[in-house]
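Protein chains in written order, with the working numbering: chain A, 2 to 595; chain B, 149 to 337.
Glycine is no exception: its CB is placed at the ideal position from the N, C-alpha and C atoms.
To start, the structure itself, in structure tokens.
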């Protein structure tokens with residue numbers, strides 16, 4: 002997998018510290034490092050991306066080679082330290098691996114980290130494949146050490162989660178970190194230092210634009226009056242499309258920012274038109290247009306800005322192929338025509354059978370029935386609670402925002418009940434300041450902390466409340482209940498998510514109160530607590546055929562054929578939640594959590 | 149080069165199937181390239197793995213109309229993946245439906261559509277595999293049937309070796325039985 006290649010590339014290049022926060026499609030980089038467990042390499046899941054980058058910054062100003070990992074929206078959280086660190090600099094090497102997600106497939110935004118690199122004045126390495134990513138980590142680290150600033154490695158989902166045959170190379174020499182050296186104001190970012198270093202950053206970026214023109218991952222090939230330029234995984238789609246072409250073209254592969262200007266100019270000389278193939282923002286396209294303007298070249302640059310390529314979403318092999326064929330005037334390759342396919346069910350992602358979040362949502366839903374209520378959600382598996390029949394997530398913005406948005410919502414509509422749902426890992430990530438804000442500003446909200454003892458959506462990573470490190474070692478547990486208790490909310494309760502009556506009663510009590518009321522719903526993620534005990538079953542002769550069990554819970558293990566309900570024995574975990582919704586008591590078994 | 153698309157639902161073991169297939173091909177000295185669906189869609193949503201075995205693959209994704217074989221873990225997902233199949237391609241499909249909410253045609257309609265549009269269709273008795281070995285063994289049973297039909301560049305024995313390397317002995321035993329059971333479901337023609 003591309004993420005494994007990045008991790009192995011980092012080990013080859015002598016990384017001794019790695020930190021990150023889980024986020025699809027980046028999570029497996031750190032997990033691979035933890036699994037490899039090489040001697041002398043420290044790996045941690047940090048509480049959030051900002052913390053991870055600051056840990057990496059500390060290591061890198063002490064002279065170590067460090068890797069920090071996150072997804073693209075994680076960089077928004079880490080942008081504060083990253084912007085300043087570029088001014089402060091590093092003495093070791095620091096690579097910030099930021100995984101972008103065209104589509105998006107598992108993200109809130111389609112933001113392009115290459116633009117972040119341009120904005121911050123940071124070099125960006127943009128691999129086209131796992132094998133290129135493997136080699137690029139070492140190049141990025143060497144670049145960082147050479148220029149004394151952090152460097153971004155920007156793979157996308159189809160590099161992170163694709164796989165390839167990669168030949169592993171011998172490790173590079175790993176110099177001993179020289180340690181932190183006090184140096185007057187060198188490591189303290191004051192305005193005067195920032196001014197002086199801003200000039201240096203600009204010079205360094207300009208020099209890199211020239212250096213990168215001879216970097217092997219940026220290259221020119223082919224001949225002709227028409228040009229094709231591509232970066233990232235789109236280069237692989239283009240390479241495949243070339244096999245079916247008759248026309249000769251000049252090709253430019255771009256894998257870095259600053260843009261390799263000298264190489265770009267060589268590419269443009271004598272061309273009539275260029276089609277640019279890239280994902281997310283038209284970065285290469287704009288750089289080429291800029292070069293044409295700067296050097297007064299009459300070359301038509303086409304791509305996203307000219308609407309030759311779609312303005313959003315991920316590229317595909319067929320989409321790239323057909324754009325290239327249309328650009329070159331070659332006939333399209335038609336897909337096999339298939340007539341009238343039968344109707345298929347929509348298959349949106351759903352909460353698993355036995356998920357504690359379903360139980361928590363239903364406890365709140367039943368208690369708040371008939372009341373004017375707004376349910377603010379957050380980022381995690383529980384965002385899936387927005388789907389029917391639960392319909393319990395009215396808002397979702399970014400990590401930690403549910404808690405704070407609920408406060409703003411309530412200031413405008415004080416007659417509504419404002420609930421905020423937040424998962425345990427998200428609570429540690431950025432939920433805590435929002436809860437302090439609520440207590441301090443005397444907000445009127447009910448906070449449901451959904452503690453399933455893991456970071457579930459990204460594949461079950463541990464967090465500070467779990468008591469275990471990424472490498473498996475025992476760590477002190479940060480007790481969420483005590484932590485919240487210390488903040489002094491008006492009311493704090495803890496219930497088992499699967500004890501439906503107790504959970505509903507807790508919500509009723511919270512609704513009757515004032516101020517900041519917190520309910521901690523505890524129930525392990527089913528991926529941790531797969532039961533082998535008796536599961537639930539419908540006693541056929543007692544089933545009324547009302548269908549309420551399936552209709553109310555939306556549990557994927559339940560089905561209703563219009564006459565009788567049935568439970569898929571291979572999917573049911575025996576949580577027993579559906580029993581509370583059967584008016585006839587026809588569901589038996591389960592209830593391991595009673 | 150053999151392009152193989154694996155289609156199913158999150159949680160059905162499509163990723164393990166692509167890893168086993170990749171490991172078996174690597175053991176034969178073949179290059180492997182591909183891509184997987186990981187993340188939000190894993191929670192019961194439609195997932196596909198692209199597996200490209202042999203030299204010359206540049207892209208991690210297979211283009212529509214180019215897959216030599218589709219391994220479908222669910223009949224509805226088989227219909228969804230059909231546009232990827234080559235005109236003379238093979239499809240191995242489990243007939244066991246995974247229930248869902250919302251309107252859709254019947255399993256019989258899906259299978260009828262596949263019979264009308266797939267030149268080389270092999271149907272695996274998914275219910276029998278689930279009953280005998282558990283639904284988690286469906287992935288290796290489909291691999292067994294695909295290999296037995298000669299649609300993959302590796303044999304049932306190659307897959308068996310990959311299984312033995314991947315699983316601890318008890319699980320390897322169960323999976324080997326499911327692999328064989330799948331292989332024995334191959335129908336002539």
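Terminal residues of the continuous beta strand (DSSP E) containing residue 227 (chain A)?
Stepping through the first chain from its first residue, residue 227 (chain A) is reached at position 226. Element bounds for residue 227 (chain A): 227-232.
Status (buried if at least 16 other CB within 10 Å, exposed otherwise) for residue 253 (chain A)
The residue given as residue 253 (chain A) occupies position 252 in the first chain. Buried: at least 16 other Cβ atoms inside 10 Å.
Report the neighbours of residue 569 (chain A) on chain B: residues whose CB is nearer than 8 angstroms to its CB, in chain order.
Here the question's residue 569 (chain A) lines up with position 568 in the first chain. Under the 8 angstroms cutoff, chain B gives 247.
Rounded Cβ spacing between residue 439 (chain A) and residue 408 (chain A) (contact assumed at less than 8 angstroms)
Counting from one through the first chain, the residue named residue 439 (chain A) turns up at place 438. Counting from one through the first chain, the residue named residue 408 (chain A) turns up at place 407. Confirmed, Cβ separation roughly 6 angstroms.
Report yes or no: is there a C-beta of chain A within less than 8 angstroms of the C-beta of residue 235 (chain B)?
Along the second chain, read from residue 1 onward, the residue named residue 235 (chain B) stands at position 87. Yes - at least one Cβ of chain A is within 8 angstroms of the one on residue 235 (chain B).
At least 3 beta-carbon pairs within less than 8 angstroms: the region 382-402 of chain A vs the region 357-374 of chain A
yes
Could you tell me which of A:87, A:97, A:49 sits nearest to residue 18 (chain A), measuring between CA atoms?
For the purposes of this step, residue 18 (chain A) is identified with residue 17 of the first chain, where counting begins at 1. The shortest Cα separation from residue 18 (chain A) among A:87, A:97, A:49 belongs to A:97.
Just to confirm before moving on: does the CB-CB distance between residue 598 (chain A) and residue 78 (chain A) stay below 8 angstroms?
The shown model of chain A, from 2 to 595, leaves out residue 598 (chain A), and the question about it has no answer.
Run of the alpha helix (DSSP H) containing residue 328 (chain B), from where it starts to where it stops:
Residue numbering aside, residue 328 (chain B) sits at position 180 when the second chain is read from its first letter. Start and end: 317-331.
Taking 8 angstroms as the threshold (beta carbon to beta carbon), is residue 271 (chain B) in contact with chain A?
In the second chain, the residue the question calls residue 271 (chain B) occupies position 123. It does not: the Cβ of residue 271 (chain B) has no partner Cβ on chain A nearer than 8 angstroms.
Between residue 595 (chain A) and chain B, is there a C-beta pair that is closer than 8 angstroms?
Within the first chain, residue 595 (chain A) is the residue found at index 594, counting from 1. Interpretation of residue 595 (chain A) is limited by its pLDDT of 48, a score under 50 that renders its predicted location unreliable; the figure taken from the coordinates is listed afterwards. It does not: the Cβ of residue 595 (chain A) has no partner Cβ on chain B nearer than 8 angstroms.
Any Cβ of chain B within less than 8 angstroms of the Cβ of residue 361 (chain A)?
Looking up residue 361 (chain A) in the first chain gives position 360. Chain B, which has no Cβ nearer than 8 angstroms to the Cβ of residue 361 (chain A), makes this no.
List the whole-angstrom C-beta distance separating residue 256 (chain B) from residue 296 (chain B), where the pair is believed to meet the contact cut-off of C-beta under 8 angstroms.
Position 108 of the second chain, counted from the first residue, corresponds to residue 256 (chain B). Position 148 of the second chain, counted from the first residue, corresponds to residue 296 (chain B). A Cβ-Cβ separation of about 26 angstroms leaves residue 256 (chain B) out of contact with residue 296 (chain B) under the 8 angstroms criterion.
Chain B contact for residue 168 (chain A) (CB, 8 angstroms cutoff)
Locating residue 168 (chain A) in the first chain gives position 167, counting from the first residue. Not one chain B Cβ lies under 8 angstroms of residue 168 (chain A).
Taking the beta carbon of residue 22 (chain A) as the centre, do at least 16 other beta carbons fall within 10 Å, making it buried, or is it exposed?
If you number the first chain from 1, residue 22 (chain A) lands on position 21. Its Cβ being crowded by 16 or more others within 10 Å, residue 22 (chain A) is buried.
Of the residues that make up the region 309-326 of chain A, which ones have a beta carbon closer than 8 angstroms to any beta carbon in chain B?
317, 318, 319, 322
Distance, residue 537 (chain A) Cα to residue 573 (chain A) Cα
Position 572 of the first chain, counted from the first residue, corresponds to residue 573 (chain A). Position 536 of the first chain, counted from the first residue, corresponds to residue 537 (chain A). So the two alpha carbons sit approximately 7 angstroms from each other.
C-beta neighbour in chain A for residue 337 (chain B), strict 8 angstroms:
Position 189 of the second chain, counting from 1, holds the residue named residue 337 (chain B). With a pLDDT of 48 at residue 337 (chain B), under the threshold of 50, the modelled position of this residue cannot be trusted; read the value that follows with caution. Closer than 8 angstroms: no.
Euclidean distance between Cα positions of residue 186 (chain A) and residue 354 (chain A)
Position 185 of the first chain, counted from the start, is the residue given in the question as residue 186 (chain A). Position 353 of the first chain, counted from the start, is the residue given in the question as residue 354 (chain A). Their backbone Cα atoms lie some 57 angstroms apart in a straight line.
With respect to the beta strand (DSSP E) encompassing residue 153 (chain B), which residues constitute its N-terminal and C-terminal limits?
As a first step, residue 153 (chain B) must be located in the second chain, where it is residue number 5. In this chain, the beta strand (DSSP E) harbouring residue 153 (chain B) covers 150-157.
Alpha helix (DSSP H) runs contained entirely in the region 236-288 of chain B, provided each spans 4 or more residues
255-265, 274-281
State yes or no: is the beta carbon of residue 164 (chain B) nearer than 8 angstroms to at least one beta carbon in chain A?
Position 16 of the second chain, counting from 1, holds the residue named residue 164 (chain B). Judged by the 8 angstroms Cβ criterion, residue 164 (chain B) is not in contact with chain A.
Members of the region 154-178 of chain A that neighbour chain B once the beta carbon cut-off is set at 9 angstroms:
158, 159, 160, 161, 162, 163, 164, 165, 166
When the Cα atoms are used, what is the spatial distance from residue 311 (chain B) to residue 235 (chain B)?
The count along the second chain starts at 1 and reaches residue 311 (chain B) at position 163. The count along the second chain starts at 1 and reaches residue 235 (chain B) at position 87. Computed Cα separation, rounded: 32 angstroms.
For residue 580 (chain A), I'd like the list of residues in its chain whose CB is within less than 6 angstroms of its CB, leaving aside the five on either flank, ordered along the chain.
What you label residue 580 (chain A) is simply residue 579 of the first chain in a count that begins at 1. Hits under 6 angstroms: 588.
Report buried or exposed for residue 595 (chain A), applying the criterion of at least 16 other Cβ atoms within 10 angstroms of its Cβ.
Within the first chain, residue 595 (chain A) is the residue found at index 594, counting from 1. Low confidence applies here, because residue 595 (chain A) scores a pLDDT of 48, under 50, leaving its location unreliable; read the following figure in that light. Residue 595 (chain A) should be labelled exposed.
Using three-state DSSP, classify residue 57 (chain A) as helix, strand or coil.
On the first chain, residue 57 (chain A) is found 56 positions in, with the first residue counted as 1. Helix.
In three-state terms, what does DSSP make of residue 419 (chain A)?
On the first chain, position 418 is the one that residue 419 (chain A) refers to. Three-state result, residue 419 (chain A): strand.
Taking DSSP's pairing of strands, which residues face residue 117 (chain A) in a bridge?
Taking the first residue of the first chain as position 1, residue 117 (chain A) is located at position 116. According to DSSP, residue 117 (chain A) bridges with nothing at all.
By the DSSP assignment, the alpha helix (DSSP H) with residue 411 (chain A) in it spans what residues?
Locating residue 411 (chain A) in the first chain gives position 410, where the first residue counts as 1. Its alpha helix (DSSP H) spans residues 402-413.
By the 7 angstroms beta-carbon criterion, what residues does the region 195-218 of chain B contribute toward chain A?
Taking 7 angstroms as the Cβ-Cβ cut-off, the region 195-218 of chain B approaches chain A at 206, 207, 208, 209, 211, 212, 213, given in chain order.
Using the C-alpha atoms, what's the distance from residue 193 (chain B) back to residue 540 (chain A)?
As a working note, residue 540 (chain A) is residue 539 in the first chain. As a working note, residue 193 (chain B) is residue 45 in the second chain. Going from the Cα of residue 540 (chain A) to the Cα of residue 193 (chain B) covers about 30 angstroms.
Name, going along the chain, the residues of the region 235-265 of chain A whose beta-carbon falls closer than 7 angstroms to a beta-carbon of chain B.
Listed by position along the chain: 237, 238, 240, 241.
In or out: residue 164 (chain A) buried (at least 16 other Cβ within 10 Å) or exposed?
To locate residue 164 (chain A), count along the first chain from 1; it is residue 163. Buried is the call here.
Amino acids of chain A, ordered along the chain, whose beta-carbon sits closer than 7 angstroms to that of residue 241 (chain B):
The residue you call residue 241 (chain B) lines up with position 93 of the second chain. What residue 241 (chain B) touches in chain A, judged by beta-carbon distance under 7 angstroms, is nothing: the nearest beta carbon there is about 14 angstroms away.
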